[in-house]
Amino acid sequence: MKKNKRYWKGLEELRNDPEFVKHADREFPEYLPIAESKRNGEDNGGGSRRDFLKMMGFGISAATLAACETPVRRAIPYVVKPVDVEVTIPNYYASTYQDGGDYCSILIKTREGRPIKVKGNDRSKVTMGRTNAQVEASVLSLYDKQRLLGPVANGQPTTWSDLDKNVTSQLRNISSQGGRIAIVSYTVLSPSTQAAINDFISAHPGAQHVMYDPLASDGMLAANKSMFGKAALPTYDFSKAEVIVSFGADFLGTWIAPITYANQYAKTRKVGKNKKSMSRHYQFESVLSLTGANADYRTPIKPSQEGLVIGQLYNLIASKAGGSAGSFTKTAEVPYLQKAANDLLNARGKSLVVSGSNDPAVQMLVNQINQLLRNYGSTISTEQASYYRRGSLASLDRLVSDAKAGRIDGVIFYNCNPAYDYFDAAAFVDAMSKVKLKIATTDRIDETSALATYIAPDHHYLESWDDAEPQQGRFSLTQPGITPIFDTRQAQSSFLTWAGRRETDYYNYLKNRWRQNLLNTQSEETDFDRFWDLSLFNGVLEAPGTTLLTQGQTSDAYASVSIPASVSGVASAINQNYKADATGIELVLYPKVAIGSGRQANNPWLQEMPDPISKACWDNYLTVSQSMAKEMGFETKEGGTGTAKLTVNGQSLNIPVMVQPGQAPGTVGIALGYGRNRAGKVANGVGINAYPFASKVNGNFVYFNTSDIQVASADKAYKIAQTQTHETYMGRETIIQDALLSEYKENPMAGRFEPEIETSQGRKDPKDISLWHGHKYPNHHWMMAIDMNSCIGCGACTISCQVENNVPVVGRKEVINRREMHWIRIDRYYSSDEVEDTKQMEHASANPEVTFQPMLCQQCNNAPCETVCPVLATTHSTEGLNQMTYNRCIGTRYCANNCPYKVRRFNWFKYHDNEQFANVNVAMNNDLGKMVLNPDVTVRARGVMEKCTFCVQRIQLGKLEAKKQGRRPIDGEIITACAEACPTEAILFGDVKDPNSRIAQLLNEEAEDGRAYRVLEEIRVSPNIYYMTKIRNKDQEKTNA
Amino acid sequence: MKTGSHYLVGIYNDEDLLLNAVKSIRAAGVRIYECYTPYPVHNLGHALGYKRSKLPIAAFMFGLMGTILALLMQIYMMGIDWPMIVGGKDFTSIPTFFPVTFEVTVLLSALGMVAVFMIVSDLRPYGKAKVFDLRATDDKMVMAIDLSKNKKVGLDKIKDLLKDSGASEIHEKGY
Amino acid sequence: MEVTSPVREPLITGRRTMHDVTQDIAGRVEDKPTVTWLLALAASMGVLAIGAYAVWMTLWNGIGMWGNNKTVGWAWGITNFVWWVGIGHAGTLISAILLLFRQKWRMSINRAAEAMTIFAVMCAAVFPILHTGRPWLAIYWMFPLPNIFGSLWIDFHSPLVWDVFAIGTYFTVSLVFWYIGLIPDFATIRDRAKGAISRFVYSSLSFGWTGSAKAWERYESVSLILAGLAAPLVLSVHTIVSFDFATSVIPGWHTTIFPPYFVAGAVFSGFAMVLTLMLVTRKVYRLENYITIQHIELMNIIIIVTGSIVGVAYITELFMAWYSGVEYEQYAFLNRATGPYWWAYAIMMSCNVISPQLFWIKKIRTSIIATFILSIVVNIGMWFERFVIIVTSLHRDYLPSSWVMFYPTLYDVGVYLFTFGLFFTLFFLFAKFFPVINMAEIKAILKSSSDNVHKDVKKEIEHKNVEAL
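Residue numbers (my numbering), protein chains in the order written: chain G, 5 to 1045; chain L, -11 to 163; chain S, 2 to 470.
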């Protein structure tokens, strides 16, 4: 009911006391001079008018003054200080990132109870404390506005109790009538979750668990099943491999467990004073992948040849290593294949052959090769299985056909999205229409949960309790970094509830399981609570020999898949599926490093992260080879390009074209993970969905399609948002300095470019020439060294920096305007054919060598940007840092012009609290998103210049910590966000004033007579960042295949 | 005509006439109050016995002041008050101070001199002009003689002198 | 060098008497505004309004409205700035240098030229303020003002600070110089004024000038010294503007030849602009008697000279790039001539180096139409010179990874239009309410250089010749 409000001037009026009533008529309280003058009857009230004006004036000026101060909004102090929340001091919680089969052991950094960053957990033997872009960005998905606020029934919000009531009763009905229920999920890495699901299944006879992966490894699982009787992935150890041969497996970027592999791989690539050897890496692939870009020898091959090429390699190996040769159709001479075979044979037991193919026959062959090379037990371990991919597309297939036949009555989608990422989504959707009860645990209404009657939204992983077993005997715990933001519930609890268990709290369930299964695997802790706390603290637990995960329900999936055990059988299988001389255009589907399978598509940080190879963001596109582009008249220039009409399986669509050096002639590629239409404001309508284009090879889905693909120019102009549009480094040796391993062995300075400057006293090293006397750095001097040999260009640093430093996202349009804001970018340079003509030099060769160079503010000691700033907004600190004073900056952009490295970024618009950017820069435009901002770093205003600061906030924090303990900072204690994230530890940061710091020692070894050089040395800005020359393990004659 | 100053105004059509007139009349011991011309007539000042103006000295002094001020300012701000490392340069890097120093010198010198000029020749916004003949700014040369200062020569004598020296008109004017 | 030898062509024709001069020039001020003038003013104010919209949008939304990007931080804005400053050189140069050289022919044009200078500098000043990210702060943070941080001053190492001082000084001194010259003419108008308002206005403007011999004496030494000060000032302004680029590290900017090269360019474009405007004023106000063909010819000669200097500078740049052996330098210039912006370079070359050479031909030199067209062509060329220097140097500098293209937006154009509107509005107001020619100075040379004396002198010479035979 509505009340008529009435306001009193005060209690007096309410009480109607006489004193008040007497003056009630008087507007102004007594103390105002106006009233004064009135009362003592001044002449013509002029006085009062003057006073009035006085007050007006005061009022206005007061208001004006007040306006200068930005009011602090919604600053709520802690009335009672929460335990272990020290305001402004971050807390770290060991936890685990798991998303489908993707795994990373992490530490959650929380400030005042908000997770604001994740970093790698050094205690993990699996990910070695490293991360990648997807993991770094995942923290923003926690604050995604698209998440459901609570349970949903028939599209209407509902309560958990109602939902549970309905769901349980309906489930009971189904199982009582002997109907079938399926739980569909991606790979489940968590033993406890698996147990909860199993409990659900045992409670509902006829229920089954269907596990699949959008980026599947069925082929390998099947092959291993038939070869070793265990449908599990082996555990690779790239760090032991001296020769690595990969057939389309992008193990550094997207294949299975890239963080782990990249870290191991980098160990074999690092060279230095005491280690002058490195692994040799061959890559045979169709689309230029991140891994291919890092290979020493790369050969573009068509997908239709892959099986045969591997067959040939097998024969080459077998002929020497004494295996029975198979009769494979001969393909045309494949460059470097013979060479690869020789190197493999010379490195038996210390080599590794991998393939990204999803065809069991091919994987079979790869296993055979590795066996011949005696790699099992050294670089590959089948004893220690990996569980990253346990899914089987075959079983999902079967589910769809069953559902179509009306044999399925209930489906529970556990955080999976088959309506989008299943290859035959259309069939799936209409099959689902035949299913009575559909439940989803997805955190948003996406393509799949839109079909569901009930949505029981799961927590984000940063709100969840869970555990994981990525590799056999290696366990880790997921603990929440924040209490659930919305009215969500952990899916596991839902399963337990629906299973009708007494214990429905997953936290206790988890604890009990650990008590039962893991407490006794170790000896140091006997008391469970202490064991539990310790495990939580460590985040990981090594329990060799124990295994809690099995292939579970899906293992039977492979019974059906028939794989010939004998080489001859494999050969015939391959011969009938692969062609030596296919002429048609072939389509290759590949995941991008940032977007992957598309699960985190609604994360703007990932959308704007430039693809390591094409440097394009906010889009997927058709990659075509230079030769094809030439004959079809495609051209990609300054981001401008045309669109092509692509026809696959009958239906055709228009898609922008990207001319991609390194693309195998006759093939085109499209990235998966785009074309979401129900992911959220950020991702909807970005790119096109390529999943439907996959094809089948003897009953297995494979990520290419060779059946009549047509590509025609639709010549419509299109702009792709690229952060780098120039391909080569124009032979500028002061920027990129590289050498061959053989050269490096003879001369540690091989490839170094040493400019000299002609002076009146003869030629001089630029270092020795200066107008000025320079400055001393008395206490600290921060420097960075970046090893271009171990930098694989993955871009984890870019995202980590973006999270740490509140770097805004500007969206496709502004990236097209060349205004992206990343503080650290990775420059990707292709080699050009050896030509003298500068114009020719601008074009990459057909299959170029690739060099990655992380580029951030070089913190020059003679910084050109500082000199030109009129208002001293950028100056040098006494610790060698080039500082930005945002509030002093007036935005002349002179500093950016005068920066030789072009690393300064300007706030062209107001990126925060601005409708224009609300849909892309979510971290600065809504209250939920803003929770991710780092309180230690200013959000920059419009019209202000910004740039890398070497994470000065971390330096200050570290120095304070050290000071409190009365000591100097210890080396490695202070580390920049980029160095922290780098999966290959290519970035080394430290204080050269500390003689035993790693950076000081490294530079002592390398700076004068080694690999360390500074970009653009001769312009004498004396940067504080050193780069290590890129060493390629190639033979002397440099040829471009 | 009650006020003390009572003038005799002679008007000439040509600068040469005026020049000769000035010479002859001053020779006759008449003290000329001032001449008014539409444009600067050379040697007129000299004929009237004016000394060279001291404005150049003023200009120089102000300029010198500018130089010193500018240098001191920059050295103080960059090198003493709050030294900051900028591009690895020395705190007090004199070469980079030259441009500003030069500009400030010129500015002060110019403004100072003009100010002096305004003051000494009593020019100011809304300044009242002492006009003897409106055509003095058009095409006539005007000579004004303060009679009160020339009592001993006598009005008629002066009138004759003016007439003889070619004045086209002669009339009295009081201020 | 004394140039009043009678054999010279007369500087003032039509046998004007002193009163005619006053009538011709002050008359324009007193007459009712003509329709053509009103139309012209309306037009330029229209342009001003359109431009104002672009300016508003830029201020409201940010510099993002322009085409600039992460690599090309300066583009149209600074190009326009340098262009306007360049134009702003002729006025003071004409009055100062030519006064020092006792070039009497300057007298009929210096007034308008100086006005043009002042307006041009005002237009130029729009850009440094507008192109900053936070103009509301830039407008005063660039000065060494005491502030709440006590010791927080400005950076005297920065060429932008030098600019502030250079342009500021130049503007102030030019303004003073110009106004001192105006005072006697205001007095003339005051003494002719009929209406009470105009009498009041002009008497207040004329500062109580009487034309006394003493005042004239001081007036002359003041203008002489001001000229002496202004002359090096003119040279310093564009020198310092060129430092913005010369002191940087960007290939194509980092060039010691810039100061003389920029000054020559400035004079070049300045004179062209003066010509454009003078020819219009001359026509509209029928000042053929004061701005004679000889004036135009003399100015065209200066254009040939400066144009050629600029041409030499271009060639020198190319030579130095090759000779230096620095690959970045070499690429920068190769890219200018043959890169994606080759057309800008071509326009610059043909407009600045080739077109002025046509003035070697006397027919063109003395043709009003040709002069008018070429004067505009030259200024187009000079705009492109600045565009080439600024944009094509930036868009491909050291790291190929950051190489980009620059495409202007409508707002870039709009802001440029704004300054045009501003310039012409001011100029038309000046042309109506101020004496466009310095009457006092003209009167001063009437005896020596007008054709009524001239004729008699000619006769004498002929007599002499006859006798000689």
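Backbone N, C-alpha and C define an ideal beta-carbon position, used for all residues, glycine too.
Cβ neighbours of S/L94 in the same chain (closer than 7 Å, five flanking residues each side left out):
Looking up residue 94 of chain S in the third sequence gives position 93. The residues are V235, V268, G271.
Kindly indicate the opening and closing residues of the beta strand (DSSP E) around G/K634.
The residue given as residue 634 of chain G occupies position 630 in the first sequence. No beta strand (DSSP E) holds G/K634; the alpha helix (DSSP H) holding it covers 630 to 636.
Nonlocal neighbours in the same chain, by C-beta distance under 7 Å from L/K161, ignoring five residues either side:
As a working mapping, residue 161 of chain L is identified with position 173 in the second sequence. Its chain contains Y(-5), V(-3), F120 as the residues whose beta carbon lies nearer than 7 Å to that of L/K161, once the 5 sequence neighbours on both sides are disregarded; these appear in chain order.
Taking DSSP's pairing of strands, which residues face G/S99 in a bridge?
Taking the first sequence and counting its residues from 1, the one referred to as residue 99 of chain G is at position 95. According to DSSP, which records beta bridges pairwise, G/S99 is partnered with G/I110.
Output needed in chain order: residues of the segment 23 to 34 of chain L with a Cβ under 8 Å from some Cβ in chain S.
Hits within the stretch, in order: C23, Y24, T25, P26, Y27, P28, V29, L32, G33.
Can you tell which of G/T445, G/Y107, G/A211, G/I991 has the C-alpha that lies nearest to the C-alpha of G/C795?
Within the first sequence, residue 795 of chain G is the residue found at index 791, counting from 1. Ranking the options by Cα distance to G/C795, first place goes to G/I991.
Quick check on this structure: which residue in G/E116, G/N136, G/R118 has the alpha carbon closest to the alpha carbon of G/N125?
Reading the first sequence from its first residue, position 121 is the one you call residue 125 of chain G. When G/E116, G/N136, G/R118 are compared, the shortest CA-CA separation from G/N125 is found for G/N136.
When you compare each of G/M632, G/A694, G/L144, G/C108 to G/V926 by their alpha carbons, which one comes out closest?
Start at 1 with the first residue of the first sequence, and residue 926 of chain G comes out as number 922. Of G/M632, G/A694, G/L144, G/C108, the residue nearest in Cα terms is G/L144.
Does L/L36 come within less than 8 Å of chain S when only Cβ atoms are used?
By 1-based counting over the second sequence, the position of residue 36 of chain L is 48. Yes, L/L36 counts as interfacial toward chain S.
Does the beta carbon of G/P488 come closer than 8 Å to any beta carbon on chain C?
The chain labelled as chain C is not found among the protein chains of the depicted structure, namely G, L and S.
Going by beta carbon distance, what residues of the same chain come within less than 6 Å of S/I294, once the five residues before and after it are set aside?
Against the third sequence, residue 294 of chain S aligns to sequence position 293. Closer than 6 Å at the Cβ level, and outside the excluded window around S/I294, lie T367.
For G/D742, decide whether its Cβ has a neighbour in chain S, counting only Cβ atoms nearer than 8 Å.
By one-based count along the first sequence, residue 742 of chain G stands at place 738. By this cut-off, G/D742 is not an interface position.
Short check: CB of S/S356 to CB of S/V379, under 8 Å?
In the third sequence, the residue the question calls residue 356 of chain S occupies position 355. In the third sequence, the residue the question calls residue 379 of chain S occupies position 378. With respect to S/V379, S/S356 sits close: the two C-beta atoms are nearer than 8 Å.
In the DSSP assignment, find the unbroken beta strand (DSSP E) run with G/A675 in it and report its ends.
Counting from one through the first sequence, the residue named residue 675 of chain G turns up at place 671. 671 to 675 is the extent of the beta strand (DSSP E) around G/A675.
Any residues in the segment 67 to 94 of chain S with a beta carbon nearer than 7 Å to a beta carbon of chain G? Which ones, in chain order?
So the list reads N70, K71, T72, G74, W75, given in the order they occur along the chain.
Looking at chain S, is there any beta carbon in it that lies within less than 8 Å of the beta carbon of L/F105?
On the second sequence, residue 105 of chain L is found 117 positions in, with the first residue counted as 1. At least one C-beta of chain S is nearer than 8 Å to the C-beta of L/F105.
For G/G666, three-class secondary structure by DSSP
By 1-based counting over the first sequence, the position of residue 666 of chain G is 662. DSSP, read as helix, strand or coil, puts G/G666 in coil.
Please go through the same chain and pick out, in chain order, the residues whose beta-carbon is closer than 6 Å to the beta-carbon of G/A261, but skip the five residues on each side of it.
For the purposes of this step, residue 261 of chain G is taken as the residue at position 257 of the first sequence. Its chain contains Y392 as the residues whose beta carbon lies nearer than 6 Å to that of G/A261, once the 5 sequence neighbours on both sides are disregarded; these appear in chain order.
Limits of the unbroken alpha helix (DSSP H) element including S/V414:
Locating residue 414 of chain S in the third sequence gives position 413, counting from the first residue. Judged by DSSP secondary structure, S/V414 falls within the alpha helix (DSSP H) whose first and last residues are 411 to 434.
Once DSSP output is grouped into helix, strand and coil, what is the label at S/F407?
Numbered from its first residue, the third sequence carries residue 407 of chain S at position 406. Look at S/F407 here: in three-state DSSP terms it is coil, with no helix or strand label.
If you drop the 5 nearest sequence neighbours on each side, which residues of the same chain put their C-beta closer than 6 Å to that of L/N1?
Along the second sequence, one-based indexing puts residue 1 of chain L at 13. Answer for L/N1: S156, listed in chain order.
For the putative contact between S/F166 and S/P129, defined by C-beta atoms under 8 Å, what is the C-beta separation to the nearest angstrom?
For the purposes of this step, residue 166 of chain S is identified with residue 165 of the third sequence, where counting begins at 1. For the purposes of this step, residue 129 of chain S is identified with residue 128 of the third sequence, where counting begins at 1. At roughly 13 Å, the Cβ-Cβ gap does not stay under 8 Å, so S/F166 and S/P129 are not in contact.
Can you give me the C-alpha to C-alpha distance between G/C108 and G/T131, rounded to a whole angstrom?
In the first sequence, the residue the question calls residue 108 of chain G occupies position 104. In the first sequence, the residue the question calls residue 131 of chain G occupies position 127. For the pair G/C108 and G/T131, the Cα-to-Cα distance works out to about 6 Å.
Show which residues of chain G have a CB atom less than 8 Å away from the CB atom of L/D69.
Sequence index remark: in the second sequence, residue 69 of chain L carries index 81 (1-based). Neighbourhood of L/D69 in chain G, by CB distance below 8 Å: empty, with the nearest CB roughly 12 Å away.
Partners in chain G for S/T23, counting only beta-carbon separations shorter than 7 Å:
Within the third sequence, numbered from 1, the residue matching residue 23 of chain S stands at position 22. Simply none; closest approach about 48 Å.
Quick check on G/F856: does DSSP put it in helix, strand or coil?
Indexing the first sequence from 1 puts residue 856 of chain G at position 852. G/F856 carries a strand assignment under DSSP once its states are collapsed to helix, strand and coil.
Every unbroken beta strand (DSSP E) inside the segment 67 to 105 of chain S [3 residues or more]:
Listed in chain order, nothing qualifies, since the segment 67 to 105 of chain S has no complete beta strand (DSSP E) run of 3 or more residues.
Would you say L/L7 lies against chain S (beta-carbon separation less than 8 Å)?
Within the second sequence, the letter at position 19 stands for residue 7 of chain L. No, because no Cβ of chain S sits closer than 8 Å to the Cβ of L/L7.
Can you tell me where the beta strand (DSSP E) with G/Q1048 in it begins and where it stops?
A question about residue 1048 of chain G goes unanswered here, because the residues of chain G that appear run from 5 up to 1045.
Tell me the rounded alpha-carbon separation between S/A197 and L/I107.
Taking the first residue of the third sequence as position 1, residue 197 of chain S is located at position 196. Taking the first residue of the second sequence as position 1, residue 107 of chain L is located at position 119. In this structure, the CA atom of S/A197 is about 27 Å from the CA atom of L/I107.
Just how far apart, CA to CA, sit G/I713 and G/L610?
Here residue 713 of chain G refers to the residue found at position 709 when the first sequence is read from its first residue. Here residue 610 of chain G refers to the residue found at position 606 when the first sequence is read from its first residue. Note on geometry: alpha-carbon atoms of G/I713 and G/L610 lie some 30 Å from one another.
Between which two residues does the alpha helix (DSSP H) harbouring S/H296 extend?
Within the third sequence, numbered from 1, the residue matching residue 296 of chain S stands at position 295. That run of the alpha helix (DSSP H) goes 294 to 325.
Run the CB neighbour count on G/I64, radius 10 Å, all protein chains shown included, and call it buried at 16 or more, exposed below.
Taking the first sequence and counting its residues from 1, the one referred to as residue 64 of chain G is at position 60. It is exposed - the Cβ of G/I64 has fewer than 16 other Cβ atoms within 10 Å.
Of all the CB atoms in chain G, is at least one closer than 8 Å to the CB of S/L335?
Within the third sequence, numbered from 1, the residue matching residue 335 of chain S stands at position 334. At least one chain G Cβ lies under 8 Å of S/L335.
Would you say G/K619 and G/Q728 are within 8 Å of each other, going by their C-beta atoms?
For the purposes of this step, residue 619 of chain G is taken as the residue at position 615 of the first sequence. For the purposes of this step, residue 728 of chain G is taken as the residue at position 724 of the first sequence. In contact: G/K619 and G/Q728 (Cβ atoms closer than 8 Å).
List the residues of chain L that G/H777 touches, going by C-beta distances under 7 Å, in chain order.
Taking the first sequence and counting its residues from 1, the one referred to as residue 777 of chain G is at position 773. The contacting residues are D78.
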